[in-house]
Structures are given as C-alpha cells and as structure tokens.
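In the numbering used here, the protein residues as written are 2 to 166.
This is the structure we're talking about:
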C-alpha cells in the first residue's frame, strides 16, 4: 500500500513525496514521514485525496491503511460525486518528473557507479550507495565469496582405467 501512496502522490502533484537534496536526506524524509502538501502541486487537489495519501505514506506498516480500508476511502468513491471540471493541472510537472528520472537512469556514470547496499548504510556514509566518479571506494570482500581449497571436495575421476568401474 506504500507504493500506492507514492504513485498517487506523484500522479497528483508531479513531484516525488520524499525527494531530498541527496540520498541521505531522501531516506531521512521517508523515515520521518515528512510529506509536504503545501506546494503548488497540491493547490487543486482535494482534501480527500490528501487524506488518502497521508494514510498510505505512514512509515510503520502496522499503522498504514490496509487494502480494504483504502478501497472504502471517500476519495476512491469519487465516481459517486459530480465532476468539478478540473483536469490534470500538474501535467507539466509530471512530464518534468518523468524526464528528470529518465535522464538520471540513462546517465552511464550513475549506472556504472551504483552499488547495491543495505539501506541503513546510506545513513552512515552515503557514498556506500552511490559512488561519485571522483571518489574511490572499494567495498570489502564478502566472506561468502572466498573459497578455500579445504572447503572444496574433488569428485573421484571415473572412466576407463581411472578409479572404480
């Protein structure tokens, strides 16, 4: 349900709900649940839509709105109310959001330097998640990747004249 809240926020406003200046700030905004409905993107968004999103974007899953409750939310019952004649007023923001993230993903330096790390490592040192081209960082070798000869057992060689027949 979290993702439904994020997608709803983006589609209604054209802005990412937790976007910070860097990865650390973005993740901190997620943890703190900082959602901003005061910017221009929400000028024409109904209170029901804001309520729907705010109940989905709760960091603690047990406190978040579940599927049944979400389907009964007044905002999703909008077809029972007359149309106010307001279209997508944030279409330009949506296009800008799509262009921004498409360009970010297509950037070869980002793809080449991106490393998957546990999310909590971003709070201690953000370069452990994304390495800038000028920063040299070599992650430590994982213990499960080291293979010693004592752990590897060789299979007996079978065939004519070699081993048991």
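Glycine residues also receive a C-beta, built at the ideal position from the N, C-alpha and C atoms. Every value quoted in this text rests on a predicted model; they were computed, and no experiment measured them.
Checklist entry - In three-state terms, what does DSSP make of residue 44? => result Three-state DSSP puts residue 44 in coil, outside helix and strand.
Next on the checklist: Please tell me whether residue 94 and residue 14 are closer than 8 Å, where the distance is taken between their beta carbons.
Outcome noted: yes
Next on the checklist: Let's see if you can read the secondary structure: which residues bound the alpha helix (DSSP H) around residue 39?
Outcome noted: No alpha helix (DSSP H) holds residue 39; DSSP gives it neither H nor E.
Next on the checklist: Applying the 10 Å Cβ sphere with the 16-neighbour rule, what's the burial state of residue 54?
Outcome noted: buried
Item to check | Selection from 30, 10, 4 and 69 that minimises the alpha carbon distance to residue 52 | outcome: 10
Next on the checklist: Quick check: what's the CA-CA separation for residue 2 versus residue 24?
Outcome noted: If I take the Cα positions, the gap works out to 22 Å.
Checklist entry - At which residues does the alpha helix (DSSP H) containing residue 7 begin and terminate? => result 3 to 14
Next on the checklist: Quick check: residue 57 and residue 65, are their CB atoms within less than 8 Å of each other?
Outcome noted: Yes. Within cutoff.
Checklist entry - Per DSSP, what kind of secondary structure is residue 101 in: helix, strand or coil? => result Shown here, residue 101 sits in a helix according to DSSP, grouped into three states.
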